[in-house]
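Visitor: Residue numbers for the sequence shown follow our numbering, so the first one is 998 and each next one is one higher. Beta carbons are placed, not taken as given, at the ideal position from N, Cα and C, and that holds for glycine. Since we're looking at a predicted model, the values are computed, not measured.
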Amino acid sequence: MALGKQGDRNGKMFIAWDELPKSPGHVFYDRLQSLLNKAGFDSFVEGLCAPLYASRKGRPSIPPGRYFRMHLVGYFEGIESERGIEWRCADSLSLREFLLLDTGQSVPDHSSLSRIRSRLPLELHQEIFTWVLDVITHAGLVQGDRIGVDASTMEANAAMRSIVRKDTGEGYRQMLYRMAKESGMNTPTNEDLSRMDRQRKGKKTSNKDWESPTDPEAKVARMKDGRTRLAYKPEHAVDLDTGAVVGVDIHPADQGDTKTLSETLKTTKKNLEKVGKAPSLNNPTELIADKGYHSRAVLKELDDSLWKTRIAEPKRKGLNWWNGDHDARRAVYNNRIRLGSGKACESAKRRTELVERSFQHTLDRGGMRKTWLRGRENVEKRYLLHVTGFNLGLLMRKMIGYGTPKGAADAWNLVFVGYQTKSGWILLVFAVHEEHPNNLMPVAAVSKSLV
């Protein structure tokens, strides 16, 4: 046999069909594809999107099901940007199969994802989320008896150094330069400006006075790791019996938990109604939250409503003064009584575990801790699809035991086969994949002589 060299490659004018590279398949994506096809995902999506496109004339668009599948790939693969999603799909034969691409078709460009996202309204993305929620409800993954609520932070695609004053349009660096000139510095250097910024009193970057020119809806906020950044605030409502996210909203990062709770509960109630798990006055749903959501106004609004609150109460210094507000007093004491039960302690532990797990998967592992989109609506559109992927992952975990492609690809078991010969023992070790038990991969062979 002669040595093959890279320079010996010659291009072919024609290639036979059976010589084309074919995907060996991927356990996770093949099962997910089967799940979506069985539930009628593409026909449902195309029915929703049909009014947004021309009925007869025009070049056929990219199938909307492909757009949503690419964003599901972004979640499962933990890809931050849409450019990265495009590259990953083009690089993998199994993902091309998942996107239902023919041999001569190319993966949609990242700019096509942006155009389709602009065409499809936020309400349609919410319908996709609700459709998947209905699918997992039929699989027993939505109970609707206990809901845990919490929020996190998501860094926006805007830099703090680019913020400008709302009244004058003056940038932060320009303001420091002007103040340095007014203090007597003729030619202040960057070091002088940084020193003056650290030493000046009353330094405060307020959302009331400052905004980002590239993303005005992003707000200055303290991140979970202590940094100050322009950010958004995702808030989850999670079923504490199954871990499924039943409601999600993106709020301005400068709004407190007590201000955003009502909007998230409205979204959650609407979603639960669509899947047949709506709370009622006769059978209210338990609402579990941390002490950041505790306020008299919140408890007063939710008392004797569709929600039975178990909201942790912060420690107070001194006595509570009610000033004649008996409804607030009754709501606070009712919530306090419910917190004293053993069921409340168990629910609080479940909330800490399951709600934080949903943020860990969508923000950190899923690649959305920092968004590359601008505008709250655009951010919420992609984030809804990310959380949709999270819920599908729960269903996949129930079906095949693994909720991510990496977990399914690593699902190998070791099989030990030993037999005796005339001179000793031989032990063979094979690796067997759970989904393909007929394919054995040799790992090791050990022999021991009895002579």
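Between 1141, 1371, 1326, 1365, which lies nearest to residue 1280 when the distance is taken from Cα to Cα?
Guide: 1141
Visitor: Flag this pair as yes or no: are the beta carbons of residue 1415 and residue 1446 separated by less than 8 Å?
Guide: no
Visitor: Answer yes or no: do residue 1062 and residue 1027 have a C-beta to C-beta separation smaller than 8 Å?
Guide: no
Visitor: Among the residues of its own chain, which have a CB less than 8 Å from the CB of residue 1387, if the five just before and after it don't count?
Guide: Taken in chain order, the residues that qualify are 1072, 1242, 1355, 1358, 1359, 1363.
Visitor: Helix or strand or just coil, what does DSSP make of residue 1145?
Guide: strand
Visitor: Mind checking who residue 1413 pairs with in its DSSP beta bridge?
Guide: 1426
Visitor: What are the start and end residues of the beta strand (DSSP E) that includes residue 1283?
Guide: 1282-1286
Visitor: Return helix, strand or coil for residue 1117, following the three-state DSSP convention.
Guide: Looking at residue 1117 - three-state DSSP - the assignment turns out to be coil, as it is neither helix nor strand.
Visitor: Less than 8 Å between the CB atoms is what I'm expecting for residue 1244 and residue 1261, so what's the real figure, rounded?
Guide: 6 Å
Visitor: I need the DSSP call for residue 1319, collapsed to helix, strand or coil.
Guide: coil
Visitor: Put residue 1337 into one of helix, strand or coil per three-state DSSP.
Guide: coil
Visitor: What does DSSP give as the partner residues of residue 1265 in its beta bridges?
Guide: According to DSSP, which records beta bridges pairwise, residue 1265 is partnered with nothing at all.
Visitor: Specify, as a first and last residue, the run of the alpha helix (DSSP H) that residue 1024 falls within.
Guide: 1024-1036
Visitor: Do you know how far the Cα of residue 1439 is from the Cα of residue 1037?
Guide: 40 Å
Visitor: Could you round the C-beta distance between residue 1308 and residue 1332 to whole angstroms and report it? I think they count as a contact, below 8 Å.
Guide: 6 Å
Visitor: Quick one: residues in its chain with C-beta nearer than 6 Å to the C-beta of residue 1382, no 5 flanking neighbours on either side, listed in chain order?
Guide: If we look at residue 1382 and ignore the five residues flanking it on each side, its Cβ neighbours are 1068.
Visitor: Got a sec? Which residues, its chain only, sit under 8 Å from residue 1377 by beta carbon, not counting five neighbours each side?
Guide: Close CB contacts of residue 1377 within its chain, under the 8 Å cut and outside five residues either way in sequence, are with 1119, 1122, 1246, 1247 (chain order).
Visitor: Which residues in the same chain as residue 1384 place their Cβ atom closer than 7 Å to its Cβ, once the five residues preceding and following it in sequence are excluded?
Guide: 1126, 1242, 1245, 1359
Visitor: Check for me: the alpha helix (DSSP H) holding residue 1251 runs from which residue to which?
Guide: That residue, residue 1251, is in no alpha helix (DSSP H); it is neither H nor E in DSSP.
Visitor: Label residue 1046 either buried or exposed according to how many other C-beta atoms from any shown protein chain fall within 10 Å of its C-beta, with 16 as the threshold for buried.
Guide: buried
Visitor: Locate the alpha helix (DSSP H) running through residue 1361, then write down its first and last residues.
Guide: No alpha helix (DSSP H) holds residue 1361; DSSP gives it neither H nor E.
Visitor: For the beta strand (DSSP E) that residue 1233 lies in, which residues bound it at each end?
Guide: 1225-1236
Visitor: My assumption, with CB atoms under 8 Å, is that residue 1283 sits in contact with residue 1297. Please give the rounded CB distance.
Guide: Contact flag wrong, Cβ pair sits at about 18 Å.
Visitor: Please report whether the beta-carbon of residue 1099 lies at a distance below 8 Å from any beta-carbon of chain D.
Guide: Structure shown: chain D not included; a single protein chain is present.
Visitor: Under 6 Å Cβ to Cβ from residue 1215, same chain only, skipping five residues before and after it: list those, please.
Guide: Taking C-beta separations shorter than 6 Å and ignoring five residues to either side along the sequence, the partners of residue 1215 in its chain run 1153, 1155, 1209, 1227, following chain order.
Visitor: Where residue 1395 and residue 1133 are concerned, what is the direct C-alpha to C-alpha distance, given to the nearest angstrom?
Guide: Roughly 10 Å separates the two Cα atoms.
Visitor: How far does the beta strand (DSSP E) with residue 1217 in it extend, from its first residue to its last?
Guide: Bounds of the beta strand (DSSP E) holding residue 1217 are 1216-1219.
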